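If you're matching them up, the sequences are chains A and B in order.
To convert, take the position in the first sequence, counting from 1, and add 174; that gives this note's numbering.
To convert, take the position in the second sequence, counting from 1, and add 174; that gives this note's numbering.
Here a beta-carbon is modelled for each residue, glycine too, at the ideal position from N, C-alpha and C.
In this text, all values refer to a predicted model and were calculated from it rather than measured experimentally.
Number of protein chains: 2
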Amino acid sequence: MLNHYSSKLVEEAVGELSKLPGIGKRTAMRLALHLLKQDAAYSERLGNSIIQMRENILFCKKCHNISDHEICEICNNPKRDVQLICVVEDIRDVIAIENTGQFLGLYHVLGGLISPMDGISPSNLTIEQLKNRIETENIKEIILALSATVEGDTTNFYIYRQLKEKAVKISTIARGVAIGDEIEFADEITLGRSIVARLPYETGL
Amino acid sequence: MLNHYSSKLVEEAVGELSKLPGIGKRTAMRLALHLLKQDAAYSERLGNSIIQMRENILFCKKCHNISDHEICEICNNPKRDVQLICVVEDIRDVIAIENTGQFLGLYHVLGGLISPMDGISPSNLTIEQLKNRIETENIKEIILALSATVEGDTTNFYIYRQLKEKAVKISTIARGVAIGDEIEFADEITLGRSIVARLPYETGL
Chain A
175 MLNHYSSKLV EEAVGELSKL PGIGKRTAMR LALHLLKQDA AYSERLGNSI
225 IQMRENILFC KKCHNISDHE ICEICNNPKR DVQLICVVED IRDVIAIENT
275 GQFLGLYHVL GGLISPMDGI SPSNLTIEQL KNRIETENIK EIILALSATV
325 EGDTTNFYIY RQLKEKAVKI STIARGVAIG DEIEFADEIT LGRSIVARLP
375 YETGL
Chain B
175 MLNHYSSKLV EEAVGELSKL PGIGKRTAMR LALHLLKQDA AYSERLGNSI
225 IQMRENILFC KKCHNISDHE ICEICNNPKR DVQLICVVED IRDVIAIENT
275 GQFLGLYHVL GGLISPMDGI SPSNLTIEQL KNRIETENIK EIILALSATV
325 EGDTTNFYIY RQLKEKAVKI STIARGVAIG DEIEFADEIT LGRSIVARLP
375 YETGL
């Protein structure tokens, strides 16, 4: 085959970029062209930020959230409620919940969900570490905030069974019709559940 | 604002990634998470390939194609027809045409199309350099292979006017119903043009 890129440098960058999820050869080429049109300083910042992130990232020893230190900023924050733990799938969920500004406890990042189809068993997740935290830290309540999928429900149930003997309250986040959504477009399961789990009017406001 | 990323390293990488075209904060976060799950070696290869590409890329002095050398591999290839130049918008078009294996002349990369709306005038493109090539190299024919858009047509016409006094044949690529396309779904303009520009049966095969 001819080297149709006419530049090994571009070919290599396109090759590496196209290994990213959701980025094919065509998109990778578009990104490379974009980089070539920008200042060299930008490519340097981009490249170095990727290398630095991967090389120096740590995972918090307590909650397994990403962190620049051994213990993350959230676990280290004296204003947070250390008796309340929110269990999430990955760090994106931590960001999403932090953005709400409604949760002031700590987190526990599982690193995935139980999925026999994808070969992910409980031992691949940080469930043992969660049990240890409940035994060693003085935790009152854990909130399961996992996706409402088969994998999420399986993981919820597994964790529930592991922890039900412990002296800890286990709750899950509320499910229902999203705020701003129209009733007629809500899916049946969500709508049904939001009727069964209805709240006194004042609470629901 | 709270640092919701809980890691400056991740925040920075996500910030730089989300400056890429078509990549928002959410996708950037997904890419960063993916990188964190891969070997550090991959992030290093990706980061370095981007930095190296931008720092060391050259543009061929003859055709303005990207190149690792002063004169690109295509211009330097003794097997190519040096009297035939294909004029294209950017290097993606060079790759696309090279992939057909049907063109054995040289290229001239304009670096864009004339677009007053985007503030791109002929002086932003390599049209002067194209004129110089026609005057100094012994070129018999140039093929205009620009997109069939307003900008493409404007650029075609501008180049045609600049070159029509020169002793060079000017042609454009054939337009018509794409191979594999069904007639009923072809747009009217393309279909009309492909009827007007019909070919003798043997040629059209």
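- The residue from Lys-340/B, Val-342/B, Arg-307/B, Ile-363/B with its alpha-carbon nearest to that of His-238/B is Arg-307/B.
- Here Gly-350/B carries a coil assignment [DSSP, helix/strand/coil].
- When rounded, the separation of the alpha-carbon atoms in Phe-233/B and Ser-289/A is 50 Å.
- Around the CB of Glu-186/A, 16 or more other CB atoms lie within 10 Å, so the residue is classed as buried.
- When the five nearest sequence neighbours on each side are left out, the beta carbons in the same chain lying within less than 8 Å of the beta carbon of Ile-240/A are those of Ile-231, Leu-232, Phe-233, Cys-234, Cys-246, Ile-265, in order along the chain.
- Along the region 254-288 of chain B, the alpha helix (DSSP H) occurs as fully enclosed runs of 4 or more residues at 265-274, listed in sequence order.
- Using a Cβ-Cβ cut-off of 8 Å, Ile-240/B counts as an interface residue toward chain A, since at least one Cβ of chain A sits closer than that to its own.
- Residue pairing from DSSP places Ile-294/A in a beta bridge opposite Ser-289/A.
- In the structure shown, Ser-241/A falls within a strand segment according to DSSP collapsed to helix, strand and coil.
- In this model, Leu-191/B and Leu-207/B are separated by some 12 Å (Cα to Cα).
- With 16 or more other Cβ atoms from the protein chains shown falling within 10 Å of its own Cβ, Lys-236/A counts as buried.
- Between the beta-carbon of Gly-350/A and that of Thr-364/A there is about 7 Å, and that keeps the pair under the 8 Å contact cut.
- DSSP lists Glu-315/B as the beta-bridge partner residues of Lys-343/B.
- Taking C-beta atoms as the reference points, Ile-316/B and Ile-344/B count as a pair closer than 8 Å.
- A check of alpha carbon separations from Gln-303/A across Ala-319/A, Leu-284/A, Leu-320/A identifies Leu-284/A as the nearest.
- Its Cα nearest to that of Leu-278/B, the residue Gln-257/B stands out among Met-291/B, His-243/B, Gln-257/B.
- For Glu-263/A, the CB contacts under 7 Å within the same chain, skipping 5 residues up- and downstream, are Leu-284, Gly-286, Leu-287, Leu-320, Ser-321 in chain order.
- DSSP places Leu-373/A outside both helix and strand once states are collapsed to three, so it counts as coil.
- In the three-state reduction of the DSSP assignment, Leu-299/B falls in the coil class.
- Within chain B, the residues Met-227 have their CB atoms less than 7 Å from the CB of Ala-206/A, given in chain order.
- The DSSP-derived three-state label of Leu-320/B is coil.
- In the DSSP assignment, Cys-249/B falls within the alpha helix (DSSP H) that extends over 247-250.
- According to the DSSP assignment, Leu-210/A belongs to the alpha helix (DSSP H) that extends over 199-211.
- Annotation for Lys-193/A: no alpha helix (DSSP H) segment contains it, and DSSP assigns it neither H nor E.
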